[in-house]
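Student: Here's a structure for you.
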Amino acid sequence: MAVLPIRIYPDPMLLKKAKPVQAVTPEIRKLVTDMTDTLYDAPGIGLAAPQVGVSLRVIVADPSSRDHTSELQALINPVILWAEGEETLEEGCLSLPNITEEVTRPARIRVSAWDRDGKDLQFETDGLLARVIQHEIDHLEGIVILDHLGKAKRDLLKKKLIKKQKELAEARM
Ligand code: ZN
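Residues in the sequence shown are numbered from 32 upward in steps of one, following the numbering used here.
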């Protein structure tokens with residue numbers, strides 16, 4: 032079991048586009064295992080590789096992480112093939128501690144990806160899983176929930192987070 036440190040915004044890793052995985056190697060499978068351990072330890076319902084400092088297109092999602100009633104989705108190079116509907120829900124993010132904001136996204140999506148064995152996967156989903164997958168794919172593009180907000184609110188929250196990070200850094204010195 033390896034729980035990895037989670038990068039906190041505005042860590043530069045969270046702001047850049049992640050690279051596609053070329054092949055599912057033992058290293059990639061280890062990354063998926065470590066990300067899963069980190070997700071359940073946090074605990075969270077979704078995690079993207081850039082959040083643990085790896086700029087690759089890998090995400091894990093389990094909307095029921097607290098009670099383990101659904102299966103974990105590990106998606107490599109995930110792509111949204113189509114999306115429909117619209118839903119507004121409160122979202123949080125392990126990289127943006129103490130912030131929850133309403134975000135509007137499509138309600139239903141069809142996803143294509145590789146699973147942890149490198150097999151092609153295609154499925155449709157809605158509800159919380161569709162929400163988490165879209166949030167995590169955003170991370171692969173260097174997008175965080177702040178980027179879905181209006182400019183004034185985004186700037187305010189960014190300032191708050193940067194200040195908080197500074198205080199933490201100073202407390203560690
Ligand atoms: Zn997030």
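In this text, a Cβ means the ideal position worked out from N, Cα and C, and glycines have one as well. Here the structure is a predicted model, which is why all the values come from computation and not from measurement.
In chain order, which alpha helix (DSSP H) runs of at least 4 residues are fully inside the segment 48 to 72?
Tutor: The qualifying runs are 57 to 72.
Student: So is the beta-carbon of Q82 under 8 Å away from any non-hydrogen atom of the ligand ZN?
Tutor: Checking the Cβ of Q82 against the ligand ZN gives yes.
Student: Measuring alpha carbon to alpha carbon, tell me which of S95, L70, A92 and R162 ends up nearest V83.
Tutor: Of the candidates S95, L70, A92 and R162, the one whose C-alpha sits nearest the C-alpha of V83 is L70.
Student: Compute the beta-carbon to beta-carbon distance between V134 and L125, rounded to the nearest angstrom, for a pair I have assumed lies under 8 Å.
Tutor: About 15 Å; that fails the 8 Å criterion.
Student: Do L125 and the ligand ZN come close, with the Cβ less than 8 Å from some heavy atom?
Tutor: For the ligand ZN, at least one heavy atom lies less than 8 Å from the Cβ of L125.
Student: Which of the three DSSP states is assigned to P74 in this structure?
Tutor: Three-state DSSP puts P74 in coil, outside helix and strand.
Student: Counting beta carbon pairs with one atom in the segment 107 to 116 and one in the segment 184 to 197, are three or more of them shorter than 8 Å?
Tutor: Too few Cβ pairs lie closer than 8 Å, so no.
Student: Considering only their Cβ atoms, is the gap separating P137 from E115 smaller than 9 Å?
Tutor: Yes, these two residues count as a Cβ contact at 9 Å.
Student: I need the straight-line Cα distance from H132 to I174, nearest angstrom please.
Tutor: Position check: residue 132 holds Glu in this sequence, whereas His was assumed. Distance between the alpha carbons of E132 and I174 is about 14 Å.
Student: For V52, which residues of its own chain have a beta-carbon under 7 Å away from its beta-carbon, when the five flanking residues on both sides are left out?
Tutor: These residues qualify, in order along the chain: I59, L87, R88, V89, I107 and N108.
Student: Can you list, in chain order, the residues of its chain with a C-beta nearer than 8 Å to that of L152? Leave out the 5 residues immediately preceding and following it.
Tutor: Contacts found: L106, V142, S143, A144, W145 and D146.
Student: Just to check, is the beta-carbon of H179 closer than 8 Å to a non-hydrogen atom of the ligand ZN?
Tutor: No, the Cβ of H179 stays beyond 8 Å of every heavy atom of the ligand ZN.
Student: Can you tell me the Cα-Cα spacing of E198 and M204, whole angstroms?
Tutor: Rounded to the nearest angstrom, the two C-alpha atoms are 10 Å apart.
Student: Bridge partners for D157 per DSSP, in chain order?
Tutor: Answer is R139, bridged to D157.
Student: Sorry if obvious, but does the Cβ on I107 come closer than 8 Å to a heavy atom of the ligand ZN?
Tutor: I107: no, Cβ never under 8 Å from the ligand ZN.
Student: For E102, is the classification buried or exposed, using 16 other Cβ atoms within 10 angstroms of its Cβ as the cut-off for buried?
Tutor: Result: exposed.
Student: Using 8 Å for Cβ pairs, my map puts P94 next to A49. What's the rounded Cβ distance?
Tutor: Incorrect: roughly 22 Å between the Cβ atoms, too far for contact.
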